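Each residue of the sequence shown is one higher than the last, beginning at 1297 in this note's numbering.
Here is the structure we will look at.
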Amino acid sequence: MTVITGKKVFAIITGASRGIGRQIALSLAADVAGDSVFFILARNDDLLKKNLEIIKEISNNEVFETKLIFHNAGSLGNLSKKAQELSSSEDWQGYLQSNFVSVVLLNNHLYEILAKTNDDVPLFVINITSLCAVMPMPSMTQYSAGKAIREAYFRNFALEAPTVRVLSYSPGPVETDMVNEVYNMTYDDGLREKFTPGAPSSTEHRTRLTPMETVSKLIGIIDKNDFESGSRIDYFDN
1297 MTVITGKKVF
1307 AIITGASRGI
1317 GRQIALSLAA
1327 DVAGDSVFFI
1337 LARNDDLLKK
1347 NLEIIKEISN
1357 NEVFETKLIF
1367 HNAGSLGNLS
1377 KKAQELSSSE
1387 DWQGYLQSNF
1397 VSVVLLNNHL
1407 YEILAKTNDD
1417 VPLFVINITS
1427 LCAVMPMPSM
1437 TQYSAGKAIR
1447 EAYFRNFALE
1457 APTVRVLSYS
1467 PGPVETDMVN
1477 EVYNMTYDDG
1487 LREKFTPGAP
1497 SSTEHRTRLT
1507 PMETVSKLIG
1517 IIDKNDFESG
1527 SRIDYFDN
């Protein structure tokens, strides 16, 4: 039995203004029931309390068949320095606050709202991760650390919230604005060459994916719903 196709879903998506996040919203909208509700969250702490109140009202007043949280928002960090040169505590605190702490707090607030309405509606929490979480790349220290610690948190969240279906999805090499950002910001000439806009992917012998390709696989994985909660799945995994 599918959990997305044709279902009335409540989907909360961060980082949906471009790239993978935007495609998640578009692809979901094409698959779900017409009366589904999408809530696009921007990274604005001033609006968070108000947004959470709106989400709580929606969750309490409408009946859904599936609830989904997509944690897609994130930033690259400082690509101009090597790991041993990243010595500013302010830079690290700012990066981890934005890319890890804020994600944890948002996730926990949303869990309190969505998982405790006693409606037995399945809740899926999807963390968009990266190959960088498990494989080092030059100039990507902060990005790699942020992705790795997020994966660790969501593994524990899956363990300690067993009624929630949790997945960390690595989308593969995707042609997004991130390619241009790495190309322009990295100190490493080798990485810059691999991230040349429009060039072959940084993964040898593989072309870059479109956002639609990788999101289609993600939605298929969720819809089939046979993954191990807390696991990590890459686009290229069988």
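Idealized CB from N, CA, C, for every residue including glycine.
Here the structure is a predicted model, which means the values were calculated and not measured.
What is the DSSP secondary structure of residue i, reduced to helix, strand or coil?
i       : result
Tyr1531 : coil
Thr1437 : helix
Asn1480 : helix
Ser1525 : coil
Phe1366 : strand
Leu1463 : strand
Val1470 : strand
Val1475 : helix
Lys1377 : coil
Thr1499 : At Thr1499 the pLDDT is 47, less than 50, meaning the model places this residue with poor confidence; the figure from the coordinates comes in the next sentence. The answer is coil: DSSP assigns Thr1499 none of H, G, I, E or B.
Ala1444 : helix
Ala1454 : helix
Lys1372 : The sequence given here places Leu at residue 1372; Lys does not occur at that position. Reduced to three states, the DSSP call for Leu1372 is coil.
Leu1382 : coil
Ala1429 : helix
Glu1353 : helix
Asp1342 : helix
If you follow the beta strand (DSSP E) that residue i is part of, which residue opens it and which one closes it?
i       : result
Asn1423 : 1419 to 1424
Buried or exposed for residue i, please, with buried defined as at least 16 other CB atoms from any protein chain shown within 10 angstroms of its CB.
i       : result
Met1433 : buried
Pro1507 : buried
Ala1454 : buried
Ser1313 : exposed
Phe1532 : exposed
Gly1311 : buried
Pro1469 : buried
Ser1435 : buried
Met1474 : buried
Span of the alpha helix (DSSP H) holding residue i?
i       : result
Leu1337 : Here Leu1337 belongs to no alpha helix (DSSP H); instead the beta strand (DSSP E) covers 1333 to 1337.
Ile1517 : 1507 to 1520
Lys1304 : Premise fails: Lys1304 is in no alpha helix (DSSP H) and is neither H nor E.
Val1400 : 1398 to 1410
Gly1317 : 1315 to 1327
Ser1385 : 1385 to 1392
Glu1489 : 1485 to 1490
Taking 7 Å as the cut-off, is the C-beta of residue i nearer than that to any heavy atom in the ligand SAM?
i       : result
Ala1326 : Questions concerning the ligand SAM fall outside what the structure shown contains, since it holds no ligand whatsoever.
Taking residue i and residue j to be in contact with their CB atoms under 8 Å, please state how far apart those CB atoms are, rounded to whole angstroms.
i       : j       : result
Leu1324 : Ile1515 : 7 Å
Leu1372 : Tyr1449 : Between Tyr1449 and Leu1372 the Cβ distance is about 20 Å, and since that is not below 8 Å, they are no contact.
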